[in-house]
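In what follows, a structure is listed as structure tokens, so that the remarks can point back to it.
In my numbering, the protein residues as written are 462 to 892.
See below:
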């Protein structure tokens with residue numbers, strides 16, 4: 462009997478211990494699960510955020526974004542798009558109160574102004590692999606403040622099916638281009654698509670004529686230097702050479718409705734076969750094929766001198782700058798450094814095939830659609846306004862504004878050039 466009681470006591474103790482251990486294990490499991498729930502968000506937040514500001518819409522930087530995402534999976538990239546017409550003023554505002562992105566796309570003027578204000582990190586040590594031609598755009602006080610992007614320029618895309626149908630050849634001078642557009646009109650078609658809501662395209666067409674004519678003469682070669690000294694005049698010197706450009710407005714090759722058309726709408730109009738020509742740049746190449754994968758595409762230069770020399774207006778127009786703000790500058794610099802490599806530049810170039818990288822001794826093979834431009838790209842690619850002194854970009858903006866007023870019929874060309882002189886004088890004198 463004593464043994465039975467002893468056994469019962471032992472069983473009772475064993476059951477108690479078992480139940481207690483089960484309870485404790487359950488509690489531990491719940492505790493572990495709870496801890497996992499609490500810790501999970503912490504793991505997600507370990508990815509550091511890097512912000513990038515640009516004037517290019519997402520579809521224009523697809524390869525750039527893919528490269529950074531693959532190269533740096535530990536970072537969470539946030540992109541801010543601002544329209545080109547408002548971009549500079551928006552960044553001006555943001556950078557003045559420490560609200561700018563970590564990496565910003567910059568023009569020459571932006572880079573130098575922000576460097577002067579102490580807003581940018583010098584990048585001199587990481588950009589020695591680039592050509593001085595590009596680096597000079599972003600130089601301030603013996604330091605470089607941006608990584609050069611690829612080249613940008615204005616050209617014409619052509620629908621080669623129409624070119625063959627009408628028997629056209631690439632024009633070698635402006636009169637050829639004008640005659641070609643007149644022939645297209647006779648066939649009942651609109652010659653040109655151009656998104657001039659962004660005024661730069663219109664100004665580029667005018668600057669191409671300036672470069673092909675007056676700026677290539679002995680008197681015009683030092684125009685920019687004299688302009689900065691207040692000894693040059695757009696009205697007296699350049700205006701007499703602009704008759705052909707104005708004729709293209711009078712004969713509705715450039716039309717008022719283009720000022721209401723953005724680049725996307727212009728590309729669609731051209732890709733749908735409603736026009737023969739599209740005013741654009743290498744960055745538009747991928748966008749055209751997205752709209753019409755089967756289009757028979759080619760390119761031509763805007764025009765050139767009477768001797769048949771083709772010219773293009775463009776060059777290194779933008780770079781990548783690092784804002785001197787925040788606790789993650791070292792991380793941002795790591796990302797920026799990757800854009801100086803062959804792979805980084807190739808990714809940037811893929812979003813703009815037909816352009817060129819400014820890495821020394823590096824050349825990417827352009828698609829065959831750009832074959833007609835190769836001589837001009839290698840020998841006659843100009844950015845006239847970069848030689849107009851420290852305020853060159855501000856002067857260029859005034860040209861853009863005035864030329865748009867001419868196209869809209871609100872001002873004649875002569876008065877526009879007189880006003881340009883007045884505005885340039887005010888800019889140079891600091892009024």
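Using N, Cα and C, we set each Cβ at its ideal position, and we do this for glycine too.
Under 8 Å between C-beta atoms of residue i and residue j
i: residue 819; j: residue 583; result: no
i: residue 815; j: residue 619; result: no
i: residue 691; j: residue 884; result: no
i: residue 752; j: residue 729; result: yes
i: residue 576; j: residue 742; result: no
i: residue 861; j: residue 663; result: yes
i: residue 546; j: residue 562; result: no
i: residue 521; j: residue 812; result: yes
i: residue 564; j: residue 793; result: yes
Delimiting residues of the beta strand (DSSP E) encompassing residue i
i: residue 821; result: Element bounds for residue 821: n/a, residue is neither H nor E.
i: residue 780; result: 780 to 783
i: residue 538; result: 536 to 542
i: residue 741; result: 736 to 741
i: residue 638; result: Not the beta strand (DSSP E): residue 638 falls in the alpha helix (DSSP H), residues 635 to 647.
i: residue 895; result: The shown model of the chain, from 462 to 892, leaves out residue 895, and the question about it has no answer.
i: residue 567; result: 564 to 567
i: residue 513; result: 509 to 515
i: residue 654; result: 651 to 654
i: residue 680; result: Here residue 680 belongs to no beta strand (DSSP E), and DSSP marks it neither H nor E.
Nearest to residue i (by Cα), restricted to the options the options
i: residue 525; options: 742, 748, 806; result: 806
i: residue 859; options: 612, 665, 579; result: 665
i: residue 539; options: 512, 516, 574, 548; result: 512
i: residue 507; options: 535, 530, 621, 523; result: 535
i: residue 863; options: 874, 853, 647; result: 874
i: residue 868; options: 660, 551, 840; result: 660
i: residue 784; options: 523, 581, 761; result: 581
i: residue 668; options: 876, 856, 680, 879; result: 856
i: residue 625; options: 832, 537, 757, 599; result: 757
i: residue 825; options: 877, 787, 849, 611; result: 611
i: residue 837; options: 616, 733, 585, 636; result: 616
i: residue 594; options: 551, 602, 569; result: 569
i: residue 787; options: 519, 556, 551; result: 556
i: residue 566; options: 683, 514, 706; result: 514
i: residue 704; options: 635, 649, 761, 780; result: 635
Alpha helix (DSSP H) segment containing residue i, residue limits
i: residue 665; result: 661 to 673
i: residue 582; result: Looking at the DSSP string, residue 582 is not in any alpha helix (DSSP H), and its letter there is neither H nor E.
i: residue 874; result: 874 to 890
i: residue 689; result: 684 to 689
i: residue 595; result: 593 to 596
i: residue 746; result: 746 to 752
i: residue 441; result: Because the chain here runs from 462 to 892, residue 441 falls outside it and cannot be looked at.
i: residue 776; result: Per DSSP, residue 776 belongs to no alpha helix (DSSP H); it is in the beta strand (DSSP E), 771 to 776.
i: residue 805; result: 803 to 811
i: residue 557; result: 545 to 557
i: residue 707; result: 704 to 711
i: residue 724; result: 724 to 732
i: residue 714; result: Element bounds for residue 714: n/a, residue is neither H nor E.
i: residue 526; result: 523 to 532
Nearest-angstrom Cβ-Cβ length linking residue i and residue j, presumed shorter than 8 Å
i: residue 698; j: residue 675; result: 6 Å
i: residue 717; j: residue 639; result: Incorrect: roughly 19 Å between the Cβ atoms, too far for contact.
i: residue 895; j: residue 592; result: Nothing can be reported for residue 895: it is not among the residues displayed for the chain, which extend from 462 to 892.
i: residue 782; j: residue 643; result: Actually they are not in contact, since the Cβ atoms of residue 782 and residue 643 sit about 45 Å apart, beyond 8 Å.
Chain B within 8 Å of residue i, Cβ atoms only
i: residue 873; result: Checking the listed chains, one finds no chain B in this structure; it contains a single protein chain.
#### Entry: Contact between the stretch 653 to 663 and the stretch 786 to 801 (3+ Cβ pairs under 8 Å)
no
### Query
Taking three-plus beta-carbon pairs below 8 Å as touching, is the stretch 825 to 844 in contact with the stretch 770 to 777?
Segments in contact, yes.
### Message
Measuring CB atoms only, is the stretch 618 to 632 touching the stretch 598 to 606, in the sense that at least three cross pairs come out at less than 8 Å?
### Response
Taking 8 Å as the limit for Cβ pairs, the verdict is that the stretch 598 to 606 does not touch the stretch 618 to 632.
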